[in-house]
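Be aware that the sequence shown starts at 3, since it is given in this note's numbering, and climbs by one per residue.
Here's the structure we're looking at; comments come further down.
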Amino acid sequence: MNQAQYRDLYKFSISQPDTFWAEQAEKFISWHTRWQTVRQGDFTTNDMTWFAGGKLNACYNCLDRHLGKRKDQTAIIWQGDEPDTEKHLTYGDLHKEVCRFANVLKDLGVKKGDRVCIYLPMIPEAGIVMLACARIGAIHSVVFAGFSPDSLKTRILDADVKIVITADEGLRGGKTIPIKHNVDKALESCPDVKTVVVVKRTGKTVPFDAKRDKWYHELMSKANADCMPEVMDADDPLFILYTSGSTGKPKGVLHTTGGYLVYAAITFKYVFDYQDGDIYWCTADVGWVTGHTYNIYGPLANGATIVLYEGTPSYPDFSRFWQIIDKYKVTIFYTAPTAIRALRREGDKWVTATNRDSLKLLGTVGEPINPNVCEWYYDVVGNKRCEVVDTWWQTETGGILITPLPGATPFKPGSASWPLFGIVPAVVDDKGNEVEPDKAGRLVIKQPWPGLMKTIYKDHQRFVNNYFKDVPGCYLTGDGARCDKDGYYWIAGRNDDVIKISGHRIGTEEVESAFTSHPAVSQAAVVGVADEIKGQHIYAYINTKAGVEHTDKLKQELVQHVRDVIGPIATPEVIQWTKDLPKTRSGKIMRRILRKIACGEDESLGDTSTLANPGVVEELIAEHEKTK
Ligand code: WT7
C-alpha cells in the first residue's frame with residue numbers, strides 16, 4: 003500500500019465506518035450467518051455490539067476454512083528452549099489436534115460459555131488449547147506462566163473457572179519453572195476447580211492428584227479428531243484476559259468473537275503486509291494480548307506460517323533471536339523494545355555474526371521505543387533494508403491502533419505514527435479539549451472500532467468509569483501523547499498509576515498491596531522510575547511497623563515477598579525506608595512528589611506547602627540520597 007492509498011482508505015474508513023467495516027468483515031472472515039447491523043451503541047451508551055445477528059466460529063476461521071488450500075502448509079514452527087528441539091505442525095495437523103482437544107474438553111464436561119484457565123509455557127499446546135476452547139465456545143482465560151500461584155488464584159476465582167490446563171514444568175533460558183507446583187498451590191484456595199489437565203513438557207515427576215489431575219497425552223490418545231465447530235453469535239465472548247489498572251485488582255478484559263476476530267485479522271494483514279510464503283515470528287508470550295492477537299488469532303485467520311519460541315533472547319547466547327531468524331528464514335519479526343535494548347547493549351557482534359537476509363519487516367510493541375534504539379533496530383538488525391513498524395495498542399483495544407504501514411508511512415524513529423483504518427485518535431487536555439499540534443496531553447480515541455473490549459468481566463460499571471467517564475464521548479487510553487504537525491503520534495507512556503516493566507503492565511497499587519501483606523510493613527507507596535533496559539523499574543517507599551529494624555536482609559526479604567505474591571515481573575528494584583509518606587489534607591498519598599524524588603528531580607517538586615505533613619519532603623530527599 004502506498005501513501006495515497008492509505009490516505010484514501012483512511013478517509014473512507016472514518017467517514018463511512020459502517021460500510022468500511024462491513025467490507026472488511028466480508029473480506030477477511032467466513033460467516034455462518036451474515037450480520038444484520040454493523041454496529042450498535044457508541045461511546046456514550048458504552049454497550050457496543052458489533053455485527054449483531056452475525057454467526058461464526060473463530061477456530062473455524064483460523065483452521066477449517068484454510069484446509070482446502072493449506073492442509074500441508076506449516077501453521078506452527080515451534081522452537082524449543084534448546085536450539086535442537088523443534089516441531090512443525092501443518093494446518094492439517096493443527097486442525098486434528100485442536101479437534102481432539104475440543105472433544106477432550108467436551109468429555110470433561112466443558113460447555114459453551116464456561117471459562118477455561120490456561121497456564122502453559124510457550125509450547126504448541128498453548129495454541130491448541132486456546133483454539134479448542136474457541137471451537138466449542140468455551141471462554142479461555144490465559145494466565146502468563148510467570149505469574150505466582152497467588153496471581154493465578156485471583157484470576158481463577160474472578161472468572162469462576164472449573165478447569166485448568168497446565169504443564170509439568172516450563173523451560174526458559176535453560177532453567178525450569180515449577181508450573182504444576184504453582185497450580186497445586188493456587189488451587190488450595192479454589193475448591194471449584196475439579197479438573198486439571200497436565201501437558202508433559204520436561205517429564206519431571208510432579209505430584210499428581212489421581213482424582214483431579216489428568217495427563218494431556220493420555221486424554222488425547224483416546225480422543226476423536228472430528229468435532230463440529232460451535233456456531234457462535236458475533237457478540238459471544240471469545241476470551242478474558244486479565245490486565246492491570248490504576249487501582250484495584252487486575253481486571254478481566256473481555257473480547258467477543260466477531261468484532262475481535264475481524265480486527266485481529268485485518269490489522270495483521272495490513273500492518274505486517276503478510277504475503278503467502280512469509281514466515282512470521284512474534285516473540286510475545288501467549289499470556290499477553292500480543293500473544294493472543296498476533297501469535298494466534300490474527301496470523302492463523304490469515305493462513306500464515308508462524309514461529310512460536312519457548313525461550314529467551316539470551317540463551318544459549320545473545321545471538322539466539324538472529325539465529326532463529328536465519329534457521330527458519332523469518333521474513334517478519336515482531337518483538338518488544340525491552341528485548342531490543344537488552345540485545346543492543348551486548349554489542350553489534352551478536353547480530354552481525356548472523357545473516358538475517360530473509361527479513362523484510364521489523365515490528366515493535368509494548369512501550370515507547372527511544373529513537374536511537376529504533377534506529378539501531380533499523381540499521382543493524384534490519385541492515386537498513388527493512389521498514390520498522392512501531393505499533394501502539396493495548397489489551398483493551400484488541401489490536402493495533404496507531405502504527406506506520408509498510409510502504410505508506412515515511413519513517414520517524416520513535417513515533418507510532420499514523421492511525422489505522424477506522425481509528426480517530428485525539429490529544430486532549432485535562433478538561434477534555436483538544437490541544438494544538440505538538441502539545442502534550444491525554445490520548446483518547448473518538449470513534450468505536452470492532453476490536454475494542456466488550457466489557458470488564460462481571461464489572462461493567464468499572465468499564466464505564468475507567469474508560470468513558472473522564473472524557474465523555476471518547477475512549478480514554480491512559481497514555482500521554484502528542485501529535486506533531488505531520489499527524490504523527492508520539493506516545494509518552496502511561497499517565498495513570500500503571501507502570502511498564504520490560505513491557506509488562508503492573509498497577510502500583512497491586513505492588514503496594516503485596517508489600518503491605520508482609521508483617522513488617524505498615525504503609526507502602528510505589529512509583530515507576532526510568533530504566534535503561536526495562537523501560538521502567540519499581541521504586542518503593544516503605545514505612546515499617548513500630549520496632550522493625552531497617553536491614554538489608556529485610557529489604558531482600560521484602561523483594562522476595564513481592565515476587566512470591568505477584569511474580570518475578572514485579573521485582574522491586576529499590577526500597578527506600580521512610581517514616582512517613584507525603585499526604586494531602588484528605589489523606590491521599592501525593593505520588594507526584596514521590597515520583598520526582600525517586601527520579602532525582604527534587605528541584606521541580608512544585609508547591610508542597612499544602613501537604614498535611616510538608617516536613618516529610620526534606621526527609622524523603624535525604625533518605626533518597628542514601629538509598630540510590
Ligand atoms: C500499554 C498497553 C498492546 C500490546 C502489549 C501491551 C504501552 C504499547 C506501545 C508503543 C508506546 C506503547 C502503552 C499502552 N504501549 N505499545 N508502540 N509505544 N507505548 O499491552 O500490556 O495492555 O499495555 O503499553 O502505555 O497503554 P498492555
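Where is the CB? At the ideal position from N, CA and C, for every residue including glycine.
Predicted, not measured: the structure shown is a model, and the values here were computed from it.
- Exposure of A6 is indicated by the presence of fewer than 16 other C-beta atoms within 10 angstroms of its C-beta.
- Annotated three-state conformation of P123 is coil, per DSSP.
- The residue among D319, T405, P439 and V144 with its C-alpha nearest the C-alpha of G293 is V144.
- When the Cα atoms are used, E171 and C61 turn out to be separated by approximately 27 Å.
- By the Cβ neighbour-count rule, D287 is buried, with 16 or more other Cβ atoms within 10 Å of its own.
- When rounded, the separation of the alpha-carbon atoms in H219 and V201 is 7 Å.
- The beta carbons of L221 and V100 sit about 14 Å from each other, so the pair does not count as a contact at 8 Å.
- Relative to the ligand WT7, the nearest heavy atom lies less than 8 Å away from the CB of P370.
- Burial state of R72 is buried, judged by a 10 Å Cβ sphere holding 16 or more other Cβ atoms.
- With a cutoff of 9 Å on beta-carbon distance, I404 and V375 are scored as not near each other.
- Comparing alpha-carbon positions, the option among S519, G175 and G129 lying closest to K98 turns out to be G129.
- The three-state secondary structure of P239, taken from DSSP, is strand.
- No heavy atom of the ligand WT7 is found nearer than 8 Å to the CB of A77.
- Of all alpha-carbon atoms in L65, T573 and L613, the one lying nearest the alpha-carbon of R587 is that of L613.
- For the 9 Å CB-CB criterion, R346 and K362 do not form a contact.
- Contact annotation: the region 110 to 126 touches the region 177 to 195, with at least three C-beta pairs closer than 8 Å.
- Nearest Cα to I535 within the set G434, I493, I503 and T245: I503.
- Residue state for A27 is assigned as helix, using DSSP reduced to three classes.
- In the three-state scheme derived from DSSP, where H, G and I count as helix and E and B as strand, H34 is classed as coil.
- In this structure, the ligand WT7 has a non-hydrogen atom nearer than 8 Å to the beta-carbon of Q396.
- Taking C-beta separations shorter than 6 Å and ignoring five residues to either side along the sequence, the partners of G368 in its chain run A338 and G505, following chain order.
- Nearest to L364 by C-alpha distance, out of A344, F335 and P373, is F335.
- Nearest in C-alpha terms to D488, of all of T479, A24 and P439, is P439.
- Spanning the alpha carbons of G443 and D431 requires a straight line of approximately 5 Å.
- Looking at the DSSP output, C476 sits in no beta bridge, so it has no partner there.
- V309 places its beta carbon less than 9 Å from that of Y330.
- Here the alpha carbons of T610 and G617 stand approximately 9 Å from one another.
- Setting aside the 5 residues that flank it on each side, L69 is surrounded in the same chain by Y93, G94 and H97, each with a C-beta closer than 8 Å to its C-beta; the list follows chain order.
- Here the region 253 to 264 lies against the region 47 to 66, with 3 or more beta-carbon pairs under 8 Å apart.
- Within the same chain, F45 and T46 come within 7 Å of G475 by CB-CB distance, once the 5 residues on both sides are set aside.
- For G175, same chain residues with a beta-carbon under 8 Å away, outside a window of 5 residues either side, are D83, G313, T314, S316 and Y317 in chain order.
- Between I298 and the set A136, I181 and Q396, the nearest pair of CA atoms involves A136.
- A Cβ-Cβ distance of about 4 Å is found for the pair D280 and T333, placing them in contact under the 8 Å criterion.
- Counting only the Cα atoms, E621 lies some 43 Å from K414.
- Between the region 546 to 564 and the region 587 to 607 there are fewer than three inter-stretch CB-CB distances shorter than 8 Å, so the stretches are not counted as touching.
- No heavy atom of the ligand WT7 is found nearer than 8 Å to the CB of V513.
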